[in-house]
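Down below is the structure, laid out as structure tokens.
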Amino acid sequence: MSQPIGTNTGTSSPTVPSKDELSPVLTRNIEAILERRQSKAKAASAEEKAAAAISKFAGSMVFIYIHLVLFGGWILINTGLVPLIPAWDSSLVVLAMIASVEAIFLSTFVLINQNRMAAEDDARSDLDLQINLLNEHETTRLIAMVDAISQHLGIEVMQEREVAEMKRDVAPEAVLDRLESETGEAS
Numbered sequence: 001m002s003q004p005i006g007t008n009t010g011t012s013s014p015t016v017p018s019k020d021e022l023s024p025v026l027t028r029n030i031e032a033i034l035e036r037r038q039s040k041a042k043a044a045s046a047e048e049k050a051a052a053a054i055s056k057f058a059g060s061m062v063f064i065y066i067h068l069v070l071f072g073g074w075i076l077i078n079t080g081l082v083p084l085i086p087a088w089d090s091s092l093v094v095l096a097m098i099a100s101v102e103a104i105f106l107s108t109f110v111l112i113n114q115n116r117m118a119a120e121d122d123a124r125s126d127l128d129l130q131i132n133l134l135n136e137h138e139t140t141r142l143i144a145m146v147d148a149i150s151q152h153l154g155i156e157v158m159q160e161r162e163v164a165e166m167k168r169d170v171a172p173e174a175v176l177d178r179l180e181s182e183t184g185e186a187s
């Protein structure tokens, strides 16, 4: 008995298909993206790798727990709440200095990581734009072909003016110029 399309056969989840269930083009695209990510990660400088690792650790709960123990212990001991250990920083000035220096370095590491991520986002944005422009061009060509076919077959088009407009290529630079002039006037 055959199953309806989209039902789970028990071998994989409908939301996480196995590699065999994906189209060859989609599989190739996924592999290309993963390969590019791996090559970028390998090509990163030691400083970039260190900044990413420190940022990742600083954003973890382990980092929070370590600070709770260290800073909490420091405060408890130096405020006299743990009488077995003598206080060495009763005004907590040294702790404040350590926390300030740590904050300076952590924020710098986070900024380095954010700059790297912003550069990756810019590259993905450029790729998205190129794909969208290619898609727009191909769609325009398809509309022109369908219009030519309908004219050849003598099929009447309801909105001739709309079809003529859709057959025109979009000039992205003109759109950007218009957007910039409109937003420039508004600000």
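Under UniProt numbering, the letters of the sequence shown match residues 1 to 187, in that order.
Just so you know, even glycine gets a beta-carbon here, dropped at the ideal spot from N, CA and C.
- For Arg168, the secondary structure class from DSSP, reduced to helix, strand or coil, is coil.
- For Phe109, the number of other beta carbons within 10 angstroms of its own is at least 16, and it is reported as buried.
- Within the same chain, Cβ atoms closer than 6 Å to the Cβ of Ile85 are found at Ile77, the five residues on either side in sequence being excluded.
- If the five residues before and after Val82 are omitted, its C-beta is found closer than 7 Å to the C-beta atoms of Leu76, all from its own chain and listed in chain order.
- Under the three-state reduction of DSSP, Ile149 is assigned to helix.
- The three-state reading of DSSP puts Pro86 in coil, since its state is none of H, G, I, E or B.
- Below 8 Å, enough C-beta pairs join the region 102-116 and the region 31-51 to call them touching: three or more.
- According to the DSSP assignment, Glu31 belongs to the alpha helix (DSSP H) that extends over Pro24 to Ala43.
- Taken through DSSP and simplified to helix, strand or coil, Ile98 comes out as helix.
- With the rule of 3 Cβ pairs closer than 8 Å, the region 165-180 counts as touching the region 140-149.
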